[in-house]
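In our numbering, the protein residues as written are 1499 to 1637.
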């Protein structure tokens, strides 16, 4: 069984849409911070916070990982990396001995996205797939 964990901030909710294409139980990381109306302003603010590894406020879903064989992580790419909400989640919540699929969404560059998960996942986990969607299209 799959646990699908996603974060989405954009108005088109790409990560949510992509997360819903997988079979399993879906869990959302909910942003408790102020969301600006301007997508560009959100990109600048959260890109800066991502690069500077600043704290963010979000709701952490309770997940009994013993029920799942596979964990699917779906999130947007920010500043070429895993977005700060998913990063902070993986720093707070540990799971082990799982198959992991890492799924990213972006409109452009994602050169450091997959490598930015290094050190965030327990070494007992096995990354079985890395998937990127650019402008909604699977690469």
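From the three backbone atoms N, C-alpha and C, an ideal C-beta is built for every residue, glycine too.
In terms of alpha-carbon separation, which member of the options lies closest to residue i?
{"i": "residue 1601", "options": "1556, 1637 and 1560", "result": "1637"}
{"i": "residue 1517", "options": "1538, 1565, 1574 and 1626", "result": "1574"}
{"i": "residue 1553", "options": "1577, 1519, 1590 and 1564", "result": "1590"}
{"i": "residue 1630", "options": "1613, 1623, 1620 and 1542", "result": "1613"}
{"i": "residue 1635", "options": "1506, 1512 and 1500", "result": "1512"}
{"i": "residue 1524", "options": "1622, 1566 and 1537", "result": "1566"}
{"i": "residue 1623", "options": "1584, 1570, 1577 and 1585", "result": "1570"}
{"i": "residue 1579", "options": "1594, 1616, 1593 and 1595", "result": "1616"}
Mind checking which residues open and close the beta strand (DSSP E) that includes residue i?
{"i": "residue 1646", "result": "The first residue shown for the chain is 1499 and the last is 1637, placing residue 1646 beyond what the model contains."}
{"i": "residue 1571", "result": "1568–1576"}
{"i": "residue 1525", "result": "1523–1526"}
I think residue i touches residue j, with their Cβ atoms under 8 Å apart; what is that distance to the nearest whole Å?
{"i": "residue 1562", "j": "residue 1530", "result": "Not confirmed; about 23 Å, so no contact."}
{"i": "residue 1582", "j": "residue 1618", "result": "Rounded, the Cβ-Cβ distance is 12 Å, inconsistent with contact."}
{"i": "residue 1568", "j": "residue 1597", "result": "4 Å"}
{"i": "residue 1572", "j": "residue 1504", "result": "4 Å"}
{"i": "residue 1605", "j": "residue 1632", "result": "7 Å"}
Which of helix, strand or coil does DSSP assign to residue i?
{"i": "residue 1545", "result": "helix"}
{"i": "residue 1562", "result": "coil"}
{"i": "residue 1631", "result": "strand"}
{"i": "residue 1531", "result": "coil"}
{"i": "residue 1597", "result": "strand"}
{"i": "residue 1514", "result": "helix"}
{"i": "residue 1615", "result": "helix"}
{"i": "residue 1520", "result": "coil"}
Name the two residues that bound the continuous alpha helix (DSSP H) containing residue i.
{"i": "residue 1589", "result": "1582–1590"}
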